[in-house]
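Trainee: First the structure, then my questions, so here it is.
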Amino acid sequence: AHAHSVVTLPSHASILTGLYPFAHGVRDNSGYRLREGTPTLATWLHGRGYATGAFVGAFPLDARFGLGAGFDTYDDRYPSAGRASELLMPERPADQVVEAATGWIRQQTGRWFAWVHVFDPHAPYQAPPPFRQQYVAEPYAGEVAWVDHALGPLLDLARSGSRPALVIVTADHGEALGAHGEATHGLFAF
Numbered sequence: 020a021h022a023h024s025v026v027t028l029p030s031h032a033s034i035l036t037g038l039y040p041f042a043h044g045v046r047d048n049s050g051y052r053l054r055e056g057t058p059t060l061a062t063w064l065h066g067r068g069y070a071t072g073a074f075v076g077a078f079p080l081d082a083r084f085g086l087g088a089g090f091d092t093y094d095d096r097y098p099s100a101g102r103a104s105e106l107l108m109p110e111r112p113a114d115q116v117v118e119a120a121t122g123w124i125r126q127q128t129g130r131w132f133a134w135v136h137v138f139d140p141h142a143p144y145q146a147p148p149p150f151r152q153q154y155v156a157e158p159y160a161g162e163v164a165w166v167d168h169a170l171g172p173l174l175d176l177a178r179s180g181s182r183p184a185l186v187i188v189t190a191d192h193g194e195a196l197g198a199h200g201e202a203t204h205g206l207f208a209f
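Per the working numbering, the very first residue in the sequence shown carries number 20; after that it's consecutive.
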């Protein structure tokens, strides 16, 4: 696997534009915005008649950073989930993101594209029960298991449609998990 950045916003800008960070200009999670008029997957699909919806789980992808171009709906609400990390990084749990996305998808009558971004697994690794208890020794794995569970309704909906659906699952970057002295991510690219 290869990521063009070790942090969320520039990596997603690359995923949605097909451009390297030096070309789209977004180099970090703060202080940068995707330039207006930069073509994205959403602008391309929207221009071809697709309904387009984005459902994001964390502040680095807030619409103010320019990723909303081409989306009919850009859902970047972060209701309180009671995690201490929200003081530093507003976010919403994967099940809430999926619920918003599946609600929107059910309303679509024609062709549609949904970008569904979940922020878990992400430090601090605090999966909800029962995943936290099942993975006490491996909290990151607990969050991965939680996300797998939370994505279930979205995948069920994609399978239930009358037309085939293409589901692409990717990550914006990896986690070091202690390798090379880095506990999470964002400092080094290995």
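Each residue gets a CB set at the ideal place from its N, CA and C atoms; glycine is no exception.
1. Residues in the same chain with beta-carbon distance under 6 Å from Pro-29, minus the five sequence neighbours each way, listed in chain order, please.
2. Are the beta-carbon atoms of Tyr-154 and Ala-142 separated by less than 9 Å?
3. Who are the near neighbours of Ala-2 in its chain, counting only those whose CB is closer than 6 Å to its CB and skipping five residues on each side?
4. Tell me the DSSP secondary structure of Phe-219 in three-state form.
5. Going by other Cβ atoms of all chains shown within 10 Å of its Cβ, with 16 needed for buried, is Gly-68 buried or exposed?
6. Name the residue from Glu-162, Gln-126 and Arg-83 whose alpha carbon lies nearest to the alpha carbon of Pro-149.
7. Closest by CA to Gly-37, which one among Val-26, Leu-60, Ala-77 and Ser-24?
8. Go through the region 30-56 residue by residue and report every complete run of the beta strand (DSSP E) that reaches 3 residues or more, in order.
9. Any heavy atom of the ligand ADP inside 8 Å of the beta-carbon of Ser-49?
10. Between Ala-230 and Ile-124, what straight-line distance do the alpha-carbon atoms span, to the nearest angstrom?
11. Is Glu-110 helix, strand or coil by DSSP?
12. With a cut-off of 8 Å on the beta carbons, I'd call Arg-52 and Phe-84 a contact; round off their distance for me.
13. For Leu-80, I'd like the list of residues in its chain whose CB is within less than 7 Å of its CB, leaving aside the five on either flank, ordered along the chain.
14. How is the alpha helix (DSSP H) around Thr-92 delimited, first residue to last?
15. Rounded to the nearest angstrom, what separates Glu-55 and Ala-88 at their Cα positions?
Mentor: The relevant details are as follows:
1. Pro-40, Val-45 and Arg-46
2. no
3. With the chain represented from 20 up to 209, any question about residue 2 goes unanswered, as that position is not in the structure.
4. What is shown of the chain runs 20 to 209, which leaves residue 219 out entirely.
5. exposed
6. Glu-162
7. Leu-60
8. none
9. This structure lacks the ligand ADP; in fact it carries no ligand of any kind.
10. The structure shown does not extend to residue 230, since the chain is modelled only from 20 through 209, so no value can be given for it.
11. strand
12. 5 Å
13. Thr-27, Leu-28, His-31, Leu-86, Asp-95 and His-136
14. Looking at the DSSP string, Thr-92 is not in any alpha helix (DSSP H); the run it does join, the beta strand (DSSP E), is 92-94.
15. 8 Å
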